[in-house]
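Q: Take this structure first; my questions come after.
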Amino acid sequence: MPSVFIKTYGCQMNERDSEAVAAQLVAKGYSLAKTESAADVILLNTCSVRDLAEQKAMNKMKNLVGTAKKDRPNQILGYMGCMAQSRGKELIEKLPDVDLVIGTQKFHRTADYLDEILSGKREKIVDVAAEEKSEATIREHLLNGSAKTSVSAFVSIMQGCNQYCTFCIVPYTRGEERSRTIPDIVNECRELVARGVREITLLGQIVTSFGKRDLPALDGKSAFVQLLDAVHEIEGLERIRFTSPHPKGYGDDLAEAYARLPKLCESAHIPLQSGSDRLLKLMHRGYTRERFLTIIKKLRAAKPGIGITTDIIVGFPGETEEDFEQTLSLCREVEFDNAYIFKYSPRRDTPAADMPDQVPQEIREERNHRLLDLINEIAARKYDDFIGRQVQILVEGPSKKNAARYTGRTRCNRIVLFDGSSRHQGQLMDVKIERTGSFTLYGDPAVVNL
Ligand code: 5AD
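Numbering-wise (my numbering), the sequence shown opens with residue 5 and increments by one.
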C-alpha cells in the first residue's frame, strides 16, 4: 500500500485533524512515511488565519512540485484544511501539478479520494462542499505507542464559529458552529482512557459555544459546562483542558466548574485581542475591557494559581497609540503567564480588511516589539516565582531536544524538564522546581508518586 506524509500548519485543531486523517489512512492500509522524499502521497494541512501561514504552505507546495517533477513523477500532492477550503480550485489553477484539494468538512473522505486518484479513476479532485454531520467525523486516533500521544490526547467537540470577529477568516474556512453530542464525545474519551490516555484537551474554534443551539442550560449550567461534567465522570481520566474559548463564554457556571471539578486543570487560554473598548467594538468581540478583567478576577478567586494565557492583535485598523496603550495597561494589570502576539493581517472577505486607517507595517512591527518586551518581562517574573515550589506534573515522554531529559506539564500548563527515564512516562508525579529557562521550568523529582 502507498505511504503518506502529512505536514501540518497552524493551530491544535489542525494538528488534531491531521492525526485523524493519518489514523484513517493507516486503518485503510496506508503507511506513514518518515520523510517527504519517501512518500507516495504528500498532504499539506493548511492554515489561513494570517497571510504568512498561507504563503508558507504555498511556497512549500511550489518546492514539492519542483522536486516531484524532477525525482518523483508519480507522487500525489494535495492540500487540505482551511486554505484548501477558502481557495478551492484556485489552488490547482495556480499549480496544475497539485492533484487534490480537500476542504474542512471533508477530511474523512481523504482515503476514498486517494484511492480514486491512485487507481486512475479520477485525475484531480477538489471537494470543499459543506457536509451535514461532518463535525462528528474527526474521531480516529493514532495512539501508536508514541510517547506523547498515549498520555495526552485531543478530542474535537465542535466545528466552526458564528462570532464573526471582523478580522477573522475562521467563520468562512470552518463554517457555521456545529457540535457533536455529549454521549458521542464521552464515548471517544472513554475509549482513549481505556487505551492509557490520562489527559484530554477538548478542542474547537469556540468551545464555549458548544451545544448552544441543541442543549438548553440545565440548573444554570451551559451546554459546555454540562459536557465538562460528563467528561469529568470518566474513571481513570486525570486531567481535562480545553481550547479555544471565547471570553463571552465565561459565565459563573464555568468559573464555578474550575472550583468544583478537580480534574479540570487550572489553566485557561482566553483570547483578549485588545485592551481598548473602542477596538473591541470594531473587532466585534462582544465584551469590554472591564468585563474581561471581571472574568480574570472570578477565575483567580476560584483557582488562585490558575495559569492564564492569551492572544493579542496589534495594528488592527484604526488602532491609535492610545488604544495600544490600553492594551499595554491591561497586560500590566492582568499579568498574563504568556501571550501570543499577532500583527494584524488583512484577510479576504473579512470586514476589517476594508476598514479605513490601516496601520502602517512599521507601526505594527514597533507595537509588536513593545508588547512582546512587556509580556516577556512579566512572564519571566512569574516563572521565577516557581523556584523552590513543588508542583504536580504529568510526564509526557523524553524531551525532543535532549533525550536524557523527560518533559511534563504542570496543571497550570507549564512545561517542566527533569532527569527522568521511561518508567516515569505517563505518571503523575511531584517535582521541586530548581531553576527556570525561557518558558521552561527545571525540576527535581523530589517526591515520586509511583
Ligand atoms: N490578523 C492577525 N491575527 C489574527 N488572528 C486571527 N485573525 C487574525 C488576523 N487577521 C489571531 C487572533 C486569534 C489567533 C488564533 O490568531 O489573535 O486569537
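Every residue gets a Cβ at the ideal spot worked out from N, C-alpha and C, and that includes glycine.
The model shown is predicted, which means the values in this text are computed figures rather than measured ones.
Starting from Gln394, trace the beta strand (DSSP E) in both directions and tell me its first and last residue.
A: Gln394 to Pro402 is the extent of the beta strand (DSSP E) around Gln394.
Q: Let me have the residue list for the ligand 5AD: C-beta closer than 6 Å to any non-hydrogen atom, ordered along the chain.
A: Working through the chain, the matches are Val53, Arg54, Phe171, Cys172, Pro275, Gln277, Asp315, Ile317, Phe346, Tyr348, Ser349 and Arg351.
Q: Would you call the stretch 138-145 in contact with the stretch 173-192, where contact means no fewer than 3 C-beta pairs closer than 8 Å?
A: The stretch 138-145, when compared against the stretch 173-192, does touch it at the 8 Å Cβ threshold.
Q: Just to confirm, is the Cβ distance from Tyr348 to Gly319 under 8 Å?
A: In this structure, Gly319 lies closer than 8 Å to Tyr348 by Cβ.
Q: Where does Val132 sit, in a helix, a strand or coil, going by DSSP?
A: Of the three classes helix, strand and coil, the one that applies to Val132 here is coil, per DSSP.
Q: Below 8 Å on the Cβ atoms is my contact criterion, and I expect Val69 with Glu400 to pass it. Report the Cβ-Cβ distance as a whole number of Å.
A: Wrong, their Cβ atoms sit about 36 Å apart, outside the cutoff.
Q: Starting from Ser156 and walking both ways along the beta strand (DSSP E), at which residues does that stretch end?
A: Ser156 to Ser160 is the extent of the beta strand (DSSP E) around Ser156.
Q: Count the other CB atoms, across all protein chains shown, that sit within 10 Å of the CB of Ile391; report buried if there are 16 or more and exposed otherwise.
A: Ile391 should be labelled exposed.
Q: Note down the Cα distance separating Arg194 from Val235, rounded to an integer number of angstroms.
A: Using only the alpha carbons, I get a separation of about 9 Å.
Q: Within the same chain, show all residues whose beta-carbon is closer than 8 Å to that of Arg455, passing over the 5 residues directly before and after it, in chain order.
A: With the chain represented from 5 up to 454, any question about residue 455 goes unanswered, as that position is not in the structure.
Q: Look up Asp315 in the DSSP assignment and say whether it is helix, strand or coil.
A: In this structure, Asp315 counts as strand in the three-state DSSP scheme.
Q: Just tell me which of Thr12, Tyr262, Glu127 and Pro350 has its CA closest to the CA of Lys301.
A: Checking every option, the nearest Cα to that of Lys301 belongs to Tyr262.
Q: Mind checking which residues open and close the beta strand (DSSP E) that includes Glu203?
A: It spans Glu203 to Leu207 - the beta strand (DSSP E) in which Glu203 sits, taken as one unbroken run.
Q: Pull up the DSSP beta-bridge partners for Leu47, would you.
A: Beta-bridge pairing links Leu47 to Ile10 and Gly82.
Q: Buried or exposed: Pro77, going by 16 or more other Cβ atoms within 10 Å of its Cβ?
A: Per the 10 Å Cβ criterion, exposed.
Q: List the whole-angstrom C-beta distance separating Thr354 from Thr170, where the pair is believed to meet the contact cut-off of C-beta under 8 Å.
A: The Cβ separation is near 6 Å, so the contact holds.
Q: Among Thr414, Ile317 and Ala357, which one has its Cα closest to the Cα of His373?
A: The shortest Cα separation from His373 among Thr414, Ile317 and Ala357 belongs to Ile317.
Q: Between the Cα of Met62 and the Cα atoms of Ala133, Lys267, Lys98 and Pro402, which residue gives the shortest distance?
A: For Met62, the nearest C-alpha among the options comes from Lys98.
Q: Count the C-beta pairs between the stretch 374-381 and the stretch 418-430 that are closer than 8 Å, then say yes if the count reaches three, no if not.
A: Taking 8 Å as the limit for Cβ pairs, the verdict is that the stretch 418-430 does not touch the stretch 374-381.
Q: Pull up the CB-CB distance for Glu337 and Leu303, whole angstroms please, since I reckon it's below 8 Å.
A: Not quite, the Cβ-Cβ distance comes to about 14 Å (not below 8 Å), so this is no contact.
Q: Per DSSP, Ser183 forms a beta bridge with which residues?
A: DSSP lists Met162 as partners of Ser183.
Q: Could you tell me which residues DSSP pairs with Phe422 in its beta bridges?
A: Looking at the DSSP assignment, Phe422 forms a beta bridge with Tyr410.
Q: Below 7 Å CB to CB, which residues in the same chain sit around Val130 once its five sequence neighbours on both sides are set aside?
A: The answer, listed in chain order, is Gly92, Lys93, Ile96 and Val105.
Q: With Gln109 and Ala134 assumed to form a contact (beta carbons below 8 Å), what rounded beta-carbon distance in angstroms separates them?
A: Indeed they touch by this definition, with Cβ atoms about 6 Å apart.
Q: With H, G and I counted as helix, E and B as strand and the rest as coil, what does DSSP make of Lys225?
A: Strand.
Q: On the premise that Ser213 lies in contact with Arg245, defined as a C-beta separation below 8 Å, what is that separation, rounded to the nearest angstrom?
A: No, Arg245 and Ser213 are not in contact; Cβ-Cβ is about 17 Å, not under 8 Å.
Q: Tell whether a beta-carbon distance below 8 Å holds between Met5 and Ser41.
A: Against a cut-off of 8 Å, the Cβ pair of Ser41 and Met5 comes out as no contact.
Q: Relative to the C-alpha of Val201, which residue among Ala343, Glu326, Phe340 and Phe158 is closest?
A: Of the listed residues, the one whose Cα sits closest to Val201 is Phe158.
Q: Tell whether a beta-carbon distance below 8 Å holds between Leu47 and Met65.
A: Not in contact: Leu47 and Met65 (Cβ atoms no closer than 8 Å).
Q: Might you give, ordered along the chain, the residues of its own chain that have their beta carbon closer than 7 Å to the beta carbon of Asp21, omitting 5 neighbours on each side?
A: Correct list, in chain order: Asn49, Gly85, Phe111 and Ile142.
Q: Check each candidate in Pro308, Asp256, Gly412 and Thr324 and name the one with the smallest Cα separation from Leu286.
A: The option with the nearest alpha carbon to Leu286 is Thr324.
Q: Ordered along the chain, which non-local residues of its own chain (more than five positions away) have a Cβ less than 6 Å from that of Gln394?
A: Cβ within range, chain order: Asp434 and Lys436.
Q: Could you pull the start and end residues of the beta strand (DSSP E) that Val435 belongs to?
A: Its beta strand (DSSP E) spans residues Leu432 to Gly441.
Q: May I have a chain-ordered list of the alpha helix (DSSP H) segments no shorter than 4 residues that lie completely inside the stretch 225-273?
A: Runs of the alpha helix (DSSP H) inside the stretch 225-273: 227-236 and 256-264.
Q: Could you tell me the boundaries of the alpha helix (DSSP H) in which Lys285 lies?
A: Residues Asp281 to Met287.
Q: Compare the Cα-Cα distances from Ser160 to each of Glu180, Pro350, Ser90 and Thr247 and report the closest residue.
A: Among Glu180, Pro350, Ser90 and Thr247, the Cα nearest to that of Ser160 belongs to Thr247.
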